[in-house]
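**Student:** Take this structure first; my questions come after.
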Amino acid sequence: EYEQKKTAVLHFALWLKVDRFSRPDRSFTRFIPTKIATAGKPAMAAWLYLNGGTTAGSRSVVADTLDVSEHTVSRYLSSVRDEVTI
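Okay, structure coming up:
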């Protein structure tokens, strides 16, 4: 339940951050939309994480994709979440 809330808050915060983007078909999840990419690495990390199914190992995949550490991915996700108060 706690992880589901964290995921929901992350999605909502990203949605607000990039001006209410539309979520594409799952077949396009390997591509980061321009709105997300121009919002910076934290937004890109959140997008990749949310579209990776948020399963065990997702942070590792995001870290590899963005060429950063898993710790940095965690900080990025926290920074996006912290932008919204629910």
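According to this note's numbering, the sequence shown is numbered sequentially starting from 13. Glycine is no exception: its CB is placed at the ideal position from the N, C-alpha and C atoms. Computed from a prediction, not measured in an experiment: that's the story for all the values here.
1) Looking at the secondary structure, which residues open and close the alpha helix (DSSP H) in which Ser91 lies?
2) Please report the residue range of the alpha helix (DSSP H) in which Phe24 lies.
3) If you reduce the DSSP assignment to three classes, tell me which class Ile44 lands in.
4) Could you compute how far the alpha carbon of Ala75 sits from the alpha carbon of Ile48?
5) Considering only residues of the same chain and omitting the five flanking positions on each side of Val85, which have a CB-CB separation below 8 Å?
**Tutor:** The relevant details are as follows:
1) Counted from its first residue, the sequence shown places residue 91 at position 79. Segment 82-93, the alpha helix (DSSP H) holding Ser91.
2) By one-based count along the sequence shown, residue 24 stands at place 12. Phe24 -> alpha helix (DSSP H) spans 14-29.
3) To locate residue 44, count along the sequence shown from 1; it is residue 32. Note: Ile44 maps to coil in three-state DSSP.
4) Here residue 75 corresponds to residue number 63 of the sequence shown, with the count starting at 1. Here residue 48 corresponds to residue number 36 of the sequence shown, with the count starting at 1. So the alpha carbons of these two residues sit roughly 17 Å apart.
5) Stepping through the sequence shown from its first residue, residue 85 is reached at position 73. Around Val85: Ala57, Tyr61, Arg71, Val74, Ala75, Leu78.
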